[in-house]
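There are 2 protein chains.
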Amino acid sequence: MTRRTFHREPEAVRQNDLIAATLDSVAELGLAGATVREVANRAGVTPGLIRRYFDNKERLVAAAYRTFIADLIETAAAGCGDGPAHTRLAGLIRASVTAPVADGRTLSIWAAFIGTVNSDPVMAEAHREGYQAFRDLIEHLVGECLRERGTDASQQLIRRHAIVLNALLDGLWIEISMGGDDFSRMDVVRIALDSTATLLGIDPAEFRE
Amino acid sequence: MTRRTFHREPEAVRQNDLIAATLDSVAELGLAGATVREVANRAGVTPGLIRRYFDNKERLVAAAYRTFIADLIETAAAGCGDGPAHTRLAGLIRASVTAPVADGRTLSIWAAFIGTVNSDPVMAEAHREGYQAFRDLIEHLVGECLRERGTDASQQLIRRHAIVLNALLDGLWIEISMGGDDFSRMDVVRIALDSTATLLGIDPAEFRE
DNA sequence: GCAGTAATTAATCAAGTGTATAATTTCAAA
DNA sequence: TTTGAAATTATACACTTGATTAATTACTGC
């Protein structure tokens with residue numbers, strides 16, 4: 006009986022493959038389905054190998070969460086482009102409520118991980134990092150946006166706006182990703198942009214360009 | 006060696022205890038920690054008993070989710086009271102962003118369950134029910150609120166408002182429950198009410214009473 | 001081409017899981 | 001008080017889980 010053949014991969018590649026396999030497992034089977042064996046199978050690898058790249062399963066899952074969140078924020082932030090602040094903010098909003106940020110798979114992974122934050126300190130820390138990054142991004146853009154319009158907003162007011170806008174985006178993202186409603190028929194981007202403009206006291210037309 | 010003593014309970018009570026124990030387990034240990042033995046221990050009962058009240062663990066968890074969501078919506082809806090529509094809407098909003106609806110334990114349970122919706126059809130159905138109930142409640146209140154003010158809003162516009170408001174409340178609820186920010190210092194109720202008024206085009210003062 | 005090292009496999013382990021069932025105990029009715 | 005049925009316990013089972021280790025294989029540098 007002969008062993009299965011294999012070929013070596015650079016450390017970074019294998020780590021990446023294992024993380025990708027983990028995220029696929031979580032998306033399709035839930036966190037409970039992301040077993041060491043399932044992940045190894047999807048990565049085309051043997052279960053024992055995981056331990057060479059991650060001390061234990063907990064670390065693997067935490068690493069997967071970190072890259073997931075980082076990628077998600079990066080994708081959303083990439084929608085900003087450059088130009089005046091209100092255009093960048095509009096880009097961020099558009100990216101946040103459309104695929105690939107807003108879709109079922111992303112939500113599934115996010116939800117599965119979020120469910121662990123309360124009972125797992127490692128996951129809680131990984132979560133805090135990513136969350137704060139997004140909030141800071143929004144707060145920065147809102148501030149710039151208001152300043153651009155000559156509004157002399159206090160830091161406190163900017164923060165308040167950021168909190169509300171962040172909440173709105175989170176909520177819309179969840180609703181859209183969940184897909185229960187007939188969002189296909191609506192212009193979700195339009196809804197998100199108009200609502201944001203209303204909340205910030207900006208002329209909605211300015212967002213539509 | 007003598008067996009442990011026990012006393013019988015009416016079917017409804019036992020079911021309730023088991024569900025409560027399940028929710029406690031999920032809140033503190035996550036879904037993975039809600040094992041048959043853990044739940045039984047918390048309910049002061051032996052693991053085998055669970056099978057007498059629920060065909061299998063899956064059913065127990067689904068039942069727990071259903072009662073959890075139902076209670077949550079009921080608690081939020083109880084904040085409505087009676088009176089003019091805008092007062093009832095304000096009550097719902099207030100209830101949604103304050104304890105016991107908005108707190109860490111509630112969020113933990115919610116998140117743990119949400120994480121299963123994508124990979125578990127039974128949970129998906131339980132989820133859809135509860136979610137729709139809340140959305141309908143908001144839509145109804147928004148409609149009444151606008152009509153009360155003489156605004157002749159189309160059903161489509163009402164629906165749009167409900168979607169946005171629901172998203173805002175969901176997002177705020179998550180942010181507050183997560184507790185990462187220094188919400189303790191802010192008047193979250195005020196923020197929620199003012200934002201809602203802005204979105205619906207209502208005078209904020211009308212909400213503050 | 002060869003040797004050595006490191007990556008990978010294969011096989012095994014102990015612990016924990018949900019489930020099943022038989023043995024007991026409680027309680028209400030007679 | 002006794003009896004019988006239903007609720008509860010206790011025990012066991014088959015399976016899956018994450019982890020561990022020795023044996024093998026692939027690749028790098030010479």
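Respectively, the protein sequence lines represent chains C and A. The numbering of the first sequence is the working numbering, which starts it at 6 and goes up by one. The numbering of the second sequence is the working numbering, which starts it at 6 and goes up by one. Cβ coordinates follow ideal geometry from the N, Cα and C atoms, glycine included.
Where A:Leu97 is concerned, the enclosing alpha helix (DSSP H) starts and stops at 90-101. In the three-state reduction of the DSSP assignment, C:Val193 falls in the helix class, which pools H, G and I. Straight across, the Cα-Cα distance linking C:Thr80 with A:Arg164 is about 30 angstroms. For C:Arg19, the uninterrupted alpha helix (DSSP H) run begins and ends at 16-34, by DSSP. Going by C-alpha positions, C:Glu16 is about 29 angstroms away from C:Ala116.
At a C-beta separation below 8 angstroms, A:Arg165 has these neighbours in chain C: Met191, Ile196. By the neighbour-count definition (other C-beta atoms within 10 Å, threshold 16), A:His166 is a buried residue. Contacts between C:Val169 and chain A, judged by CB atoms closer than 7 angstroms, involve Ile196, Ser200 in chain order. Scanning A:Ala138, A:Val127, A:Trp178, A:Asn61 for the CA closest to the CA of A:Ser113 turns up A:Trp178. Contact of A:Ser101 with chain C is not assigned, every C-beta pair being separated by 9 angstroms or more. C:Arg9 counts as exposed, since fewer than 16 other C-beta atoms from the protein chains shown sit within 10 angstroms of its C-beta.
Within the segment 79-112 of chain A, the residues whose Cβ lies closer than 9 angstroms to some Cβ of chain C are Gly109, Arg110, Leu112, listed in chain order.
Secondary structure note for A:Ala138: its alpha helix (DSSP H) is the uninterrupted segment 126-153. Comparing alpha carbon positions, the residue from A:Gly184, A:Pro89, A:Phe11 closest to C:Val122 is A:Gly184.
Here C:Asn61 carries a coil assignment [DSSP, helix/strand/coil].
Straight-line spacing of the CA atoms in C:Asp199 and A:Ala75 works out to 32 angstroms. Around the C-beta of C:Ser182, 16 or more other C-beta atoms lie within 10 Å, and the residue is accordingly described as buried. With contacts defined by Cβ atoms closer than 9 angstroms, C:Gly176 and A:Asp175 form a contacting pair. DSSP, reduced to helix, strand and coil, places C:His166 within a helical segment of the structure shown. Residue nearest to C:Asp22 within the set C:Ala32, C:Ala48, C:Asp29, C:Gly155 is C:Ala48 (criterion: CA-CA distance). A:Phe73 is positioned such that its CB atom lies closer than 9 angstroms to that of A:Leu28. For A:Gly86, the CB contacts under 8 angstroms within the same chain, skipping 5 residues up- and downstream, are Thr92, Arg93, Gly96 in chain order. Counting C-beta atoms within 10 angstroms of its own C-beta, A:Phe118 has 16 or more neighbours from the protein chains shown and is therefore classed as buried.
Under the three-state reduction of DSSP, A:Thr121 is assigned to helix.
Residues of chain A with a Cβ closer than 9 angstroms to the Cβ of C:Thr121 are, in chain order, Gly35, Leu36, Ala37, Ala116, Ala117, Gly120.
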